[in-house]
Amino acid sequence: MKQFHVYGIGNALVDIDFEVSPGTLERLNIAKGVMTLIDEPTHHRLLEELDGIKHLKACGGSAANTLFTMQQLGGKTFYSCKVGNDEAGDFFYRDLILHGIHTNLHETHRSGVTGKCIVLVTPDADRTMNTFLGATSEFSKTQLCESSLKKSEYLYIEGYLVAAAPGCEAAITAREMAEKYQLKIALSLSDPNMVTYFKDGLCAIIGKQIDILFCNDREALLFTEANNLEEASERLKKYTRAFVITMGSKGALIFDGQQHTHIPAYKVNVVDTVGAGDVFAGAFLYGITHGYSYVEAGQLASFAASKVVSKFGPRLTELEIKGVQDAFVKQVMYA
1 MKQFHVYGIG
11 NALVDIDFEV
21 SPGTLERLNI
31 AKGVMTLIDE
41 PTHHRLLEEL
51 DGIKHLKACG
61 GSAANTLFTM
71 QQLGGKTFYS
81 CKVGNDEAGD
91 FFYRDLILHG
101 IHTNLHETHR
111 SGVTGKCIVL
121 VTPDADRTMN
131 TFLGATSEFS
141 KTQLCESSLK
151 KSEYLYIEGY
161 LVAAAPGCEA
171 AITAREMAEK
181 YQLKIALSLS
191 DPNMVTYFKD
201 GLCAIIGKQI
211 DILFCNDREA
221 LLFTEANNLE
231 EASERLKKYT
241 RAFVITMGSK
251 GALIFDGQQH
261 THIPAYKVNV
271 VDTVGAGDVF
281 AGAFLYGITH
291 GYSYVEAGQL
301 ASFAASKVVS
311 KFGPRLTELE
321 IKGVQDAFVK
331 QVMYA
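Residue numbers (UniProt numbering): 1 to 335.
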């Protein structure tokens with residue numbers, strides 16, 4: 001029995017979520033529905049422009065949201081990241097510890113300004129992210145904790161790391177360590193822009209082949225340069241032994257290494273899609289590390305994702321997670 005189910009690496013960001021109109025995006029000249037890297041002056045300018053609009057602040061970043069979900073469900077997780085020597089960095093560290101996520105942040109050098117992500121959510125529930133990486137742009141292999149990684153069942157890599165050279169190198173090093181200690185390896189492609197502009201880096205992170213790839217349908221098509229999902233699914237098998245392709249309201253396509261299964265989406269009133277893919281990945285990883293089949297893990301993940309998109313914010317509360325578990329167990333028992 002390993003000490004940790006998942007060892008994760010990713011960009012540590014304090015998320016600031018705003019509800020805005022499409023007109024606000026046009027006024028600010030921001031491309032809708034993707035993640036855009038911005039500098040610190042632009043970050044402060046956007047906050048000034050958005051002053052007075054309802055918002056939510058939370059410890060985040062893609063991999064962090066995935067690990068929070070897994071930890072809340074009852075998994076054991078470890079997170080390596082980089083934050084600045086500031087109030088936001090303290091906030092991030094406290095939040096990890098409060099939720100039971102192990103980390104080596106207390107052992108690593110903290111400098112600079114903690115990264116932040118301004119998330120703009122429009123009435124169609126689409127999310128547009130403007131990310132100031134700050135200190136996490138310097139996340140490197142020196143932040144890795146090999147002693148904890150080798151005690152883990154899975155390594156989970158956030159694809160956003162590919163956007164910065166030190167982060168990409170750290171992801172490659174972590175994958176090599178995982179191979180050395182015979183861990184299973186999971187990667188999220190994270191965002192269409194990561195695939196469009198950093199595909200070579202993502203391929204370098206993958207190496208010969210990984211165990212699970214998480215992506216959405218748009219990312220799958222871009223990464224494989226395919227014309228349809230059937231073609232993309234076949235091409236993905238070159239890179240990964242199993243994969244999950246999320247398709248929003250159309251559910252998810254899962255390949256477990258032998259067969260394809262379509263997981264239907266739960267019908268809900270969609271309010272905010274921020275964190276949906278991260279919560280899906282966290283619930284799925286929890287499932288397959290706790291005796292669930294890939295299909296059962298996919299059903300749990302779909303149910304959890306349906307709950308997070310029906311509210312504002314990228315994560316579920318402890319009470320909401322308990323509701324997910326209780327309802328899912330009843331659903332399986334009486335199916």
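Beta carbons are placed, not taken as given, at the ideal position from N, Cα and C, and that holds for glycine.
Exercise. Can you name, in chain order, every residue of its own chain whose Cβ lies under 6 angstroms from the Cβ of residue 120, other than the five neighbours on each side?
Worked result: 18, 20 and 128
Exercise. What is the DSSP secondary structure of residue 253, counted as helix, strand or coil?
Worked result: strand
Exercise. In this structure, does DSSP put residue 225 in helix, strand or coil?
Worked result: coil
Problem set entry | Buried or exposed by the 16-neighbour rule on C-beta atoms within 10 Å, applied to residue 329 | exposed
Exercise. Residue 261 lies in the beta strand (DSSP E); which residues open and close that run?
Worked result: 260-263
Problem set entry | Given 8 angstroms, three or more beta-carbon pairs between the region 134-153 and the region 195-204 | no
Problem set entry | First and last residue of the uninterrupted alpha helix (DSSP H) at residue 146 | 146-149
Exercise. Tell me which same chain residues have a C-beta within less than 6 angstroms of the C-beta of residue 181, skipping the five on either side of it?
Worked result: 150
For this session: Tell me whether residue 91 sits in a helix, a strand or coil according to DSSP, three-state version.
Result: helix
Exercise. In chain order, what residues of the same chain have a beta carbon less than 7 angstroms from the beta carbon of residue 323, not counting five sequence neighbours either side?
Worked result: none
Problem set entry | Meets three-Cβ-pair contact criterion under 8 angstroms: the region 277-290 and the region 75-85 | yes
Problem set entry | Beta carbon of residue 219 nearer than 8 angstroms to that of residue 189 | yes
For this session: Could you tell me which residues DSSP puts in a beta bridge with residue 122?
Result: None; residue 122 has no bridge partner.
Problem set entry | Where residue 294 sits in the DSSP three-state scheme | helix
Exercise. Whose CA, out of 274, 152, 306 and 273, lies closest to the CA of residue 1?
Worked result: 152
Problem set entry | C-beta atoms of residue 92 and residue 282 nearer than 8 angstroms | no
Exercise. Do you know offhand how far residue 301's Cα is from residue 86's?
Worked result: 35 angstroms
Problem set entry | Alpha-carbon to alpha-carbon, residue 226 and residue 148 | 38 angstroms
Exercise. Alpha carbon to alpha carbon, what distance is there between residue 8 and residue 142?
Worked result: 15 angstroms
Exercise. Who are the Cβ neighbours of residue 232 in its own chain at under 6 angstroms, not counting the five residues just before and after it?
Worked result: 220, 221, 224 and 226
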